[in-house]
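The structure appears below as structure tokens.
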Amino acid sequence: MPRQPVGPDETSGSDGDSGGLVESRVREIVAGMFVGGILSVVGMFAGFGIDIVDTVRSSLTSAGSGIASEAASIGDLFVDVVIVTPLEGAGDLAVSTWIFAPISSALVFALVAAMSAGIIYGTWRLVVIVT
Amino acid sequence: MSGAETGDLEDEYTDGGSVAWGKVAGGIAGIGLSVIGYTYASGIGLVRDGATAFVDGLGSFYATVVSTPFTAGAEQFDRAAQTAADGLAVFGPAAFPVSVLIAVAMMLLLLWGVDRYA
Chain A
0 MPRQPVGPDE
10 TSGSDGDSGG
20 LVESRVREIV
30 AGMFVGGILS
40 VVGMFAGFGI
50 DIVDTVRSSL
60 TSAGSGIASE
70 AASIGDLFVD
80 VVIVTPLEGA
90 GDLAVSTWIF
100 APISSALVFA
110 LVAAMSAGII
120 YGTWRLVVIV
130 T
Chain B
0 MSGAETGDLE
10 DEYTDGGSVA
20 WGKVAGGIAG
30 IGLSVIGYTY
40 ASGIGLVRDG
50 ATAFVDGLGS
60 FYATVVSTPF
70 TAGAEQFDRA
80 AQTAADGLAV
90 FGPAAFPVSV
100 LIAVAMMLLL
110 LWGVDRYA
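Laid out in structure tokens, this is it:
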């Protein structure tokens with residue numbers, strides 16, 4: 000809407016006027032404040048939304064790391080029971096043979112070889128099944 | 000300032016013509032879209048982090064399974080060798096010659112083993 004001049008002093012806002020507020024500028028400023036307020040309220044709600052997303056994300060992340068930690072302890076248990084304990088038993092047996100321990104520790108060697116062969120065979124079977 | 004002119008002014012202040020509501024609505028929609036985009040990117044990042052952690056965990060578990068027989072077996076070999084070396088004390092002053100004999104025998108055994116495939 001074209002602005003209508005209200006008086007000789009309000010027409011231009013130029014060097015030639017006698018100062019004071021130009022109401023078209025005031026109208027723009029007021030409208031800008033109004034819109035700025037609306038946008039800041041909307042932005043605040045958007046910030047709440049981002050906070051909610053972050054909260055969900057961090058809770059899912061900590062749930063995931065909890066599951067990963069449990070899986071890691073199950074893995075450690077598996078390694079302990081299936082690999083370390085039999086080898087320690089074979090080592091105990093070898094130690095119990097006193098000076099012949101180097102000879103009887105061939106049992107440890109055989110066990111290590113069997114385990115490695117089993118692991119490699121299992122890996123191969125797994126790759127064959129998956130692919 | 001006459002009454003008529005004041006009426007015009009009020010009209011200009013109150014008719015909302017100086018606020019481009021369409022652009023404001025566009026800005027509000029943009030803010031909403033940015034939240035949706037952030038949510039989407041967060042979800043993608045979460046899935047990516049989870050997949051990375053899963054693959055890393057699987058890899059490190061497999062590395063542990065492959066290496067543990069050797070590290071644990073080496074520990075048992077160490078124990079056995081230490082026990083046997085301590086056991087040589089039963090020979091008293093003859094422990095040194097006996098250990099030299101054992102070393103020579105071991106070396107010959109190794110050479111014999113290598114020689115079979117030469």
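Protein sequences, first through last, are from chains A and B.
Numbering-wise (numbering that gives the first Met the number 0), the first sequence opens with residue 0 and increments by one.
Numbering-wise (numbering that gives the first Met the number 0), the second sequence opens with residue 0 and increments by one.
For every residue, glycine included, the Cβ atom is placed at its ideal position computed from N, Cα and C.
Remember, it's a predicted structure, so these values are computed and weren't measured experimentally.
Interface flag, residue i vs chain B, CB-CB below 8 Å
i, result
"Ala62(A)", "no"
"Trp97(A)", "yes"
"Arg24(A)", "no"
"Leu76(A)", "no"
"Glu69(A)", "no"
"Asp8(A)", "Because the pLDDT at Asp8(A) is just 47, under 50, the model does not fix this residue reliably, and the point stays unresolved."
"Met32(A)", "no"
"Val107(A)", "yes"
"Ile49(A)", "yes"
Cβ of residue i within 8 Å of any chain A Cβ
i, result
"Leu45(B)", "yes"
"Ser41(B)", "yes"
"Tyr116(B)", "no"
"Thr51(B)", "no"
"Pro68(B)", "yes"
"Leu87(B)", "yes"
"Phe76(B)", "yes"
"Phe60(B)", "yes"
Span separating the alpha-carbon of residue i from that of residue j
i, j, result
"Thr54(A)", "Met43(A)", "16 Å"
"Val97(B)", "Ala88(B)", "10 Å"
"Arg124(A)", "Ala116(A)", "12 Å"
"Glu27(A)", "Arg56(A)", "42 Å"
Selection from the options that minimises the alpha carbon distance to residue i
i, options, result
"Pro68(B)", "Val126(A), Ala112(A), Ser23(A) and Ser104(A)", "Ala112(A)"
"Glu74(B)", "Thr84(A), Phe47(A) and Ser68(A)", "Thr84(A)"
"Leu59(A)", "Trp20(B), Leu87(B), Gly44(B) and Pro92(B)", "Gly44(B)"
"Ala71(A)", "Leu32(B), Phe60(B) and Met106(B)", "Phe60(B)"
"Leu86(A)", "Phe108(A), Ala30(A), Ile119(A) and Glu27(A)", "Phe108(A)"
"Thr63(B)", "Ile28(A), Ile73(A) and Trp123(A)", "Ile73(A)"
"Ile118(A)", "Ser66(B), Gly21(B) and Leu32(B)", "Ser66(B)"
"Phe99(A)", "Ala93(B), Arg78(B), Asp114(B) and Phe53(B)", "Arg78(B)"
"Asp50(A)", "Leu109(B), Phe53(B), Ile35(B) and Leu57(B)", "Ile35(B)"
"Leu32(B)", "Ala45(A), Val80(A), Met114(A) and Asp79(A)", "Ala45(A)"
"Arg24(A)", "Val18(B), Gly26(B), Ala28(B) and Gly25(B)", "Val18(B)"
6 Å Cβ shell around residue i - same chain, five flanking residues per side excluded
i, result
"Gly65(A)", "none"
"Val23(B)", "none"
Cutoff 8 Å; reference residue i; Cβ partners in own chain excluding five residues on either side
i, result
"Thr96(A)", "Ile102 and Ser103"
"Ile82(A)", "Met114"
The ligand MG heavy atom lying under 7 Å from the CB of residue i
i, result
"Gly42(A)", "Because no ligand of any kind appears in the structure shown, any question about the ligand MG cannot be addressed here."
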